[in-house]
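With this note's numbering, the residue at position 7 of the sequence shown is 35, and numbering never jumps.
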Amino acid sequence: MQRRSNRYIFLLLFFIAAAVAFVLYPTDEKRIRRVIAGSEDALIKKDLDGLFEYISYNYRDDYGNSYLILKKRMQIVFNRLNDIEIEKNLMGITVLDKTAEAELNVRVIASEGEAREYIIGDAVAWQEIKVYFEKSPYKWKIVKVAGLFGNRSQ
């Protein structure tokens, strides 16, 4: 009888542990959401090192930026702009084996001197952007951002 109750307790603990692991273990989508949120937070705080923690050394975009060029440009942007405010809607995340893509609608407002204006999107229209990721051994990293300065849509 004692053996049977021990077996039930063991099975119960096993299923509880499996359920907790399933709920708490972050999925790739959750990890990508963390990268997006961390990048946004670093941009708002003008934290260059914090931002580039999420950028891959393999970064290349359609604007001619590589990792080092982007880092230098962001340093210049952070020196020029103040009070950066970001509004975003995450439209979707597509995860493949070692790559992923996130679609976002974004508006960014910032101050330069006395002027405060939209630098991405505007009061009426969101800017549709796509962020591409690669999976490194320990986390997801951004390898490309597309659509920052493309056509604006409603």
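Ideal Cβ placement from N, Cα and C applies to all residues, glycine included.
These numbers were taken from a predicted model, which means no experiment stands behind them.
When secondary structure is reduced to three states using DSSP, Val-48 falls in the helix class. Note on Tyr-91: under 16 other CB atoms within 10 angstroms of its CB, so exposed under the neighbour-count rule.
In this structure, Ser-67 sits near Leu-79, with a CB-CB distance shorter than 9 Å. Rounded to the nearest whole angstrom, the CA to CA distance from Asp-150 to Ile-37 is 59 Å. According to the DSSP assignment, Val-152 belongs to no beta strand (DSSP E), since it is labelled neither H nor E. Ranked by Cα distance from Asp-111, the first of Val-136, Tyr-87, Ala-128, Lys-167 is Val-136.
Annotation for Ser-67: the continuous alpha helix (DSSP H) segment containing it runs 56 to 73. Going by C-alpha positions, Ala-46 is about 14 Å away from Pro-54.
Counting the other Cβ atoms within 10 Å of the Cβ of Tyr-166 gives fewer than 16, which makes it exposed.
Lys-99 and Leu-76 do touch by the CB rule: their CB atoms are close to 7 Å apart, below 8 Å.
Judged by beta-carbon spacing, Val-63 lies within the 9 Å limit of Ile-170, meaning their Cβ atoms are closer than that value. Rounded to whole angstroms, Thr-127 and Trp-154 show a C-alpha spacing of 25 Å.
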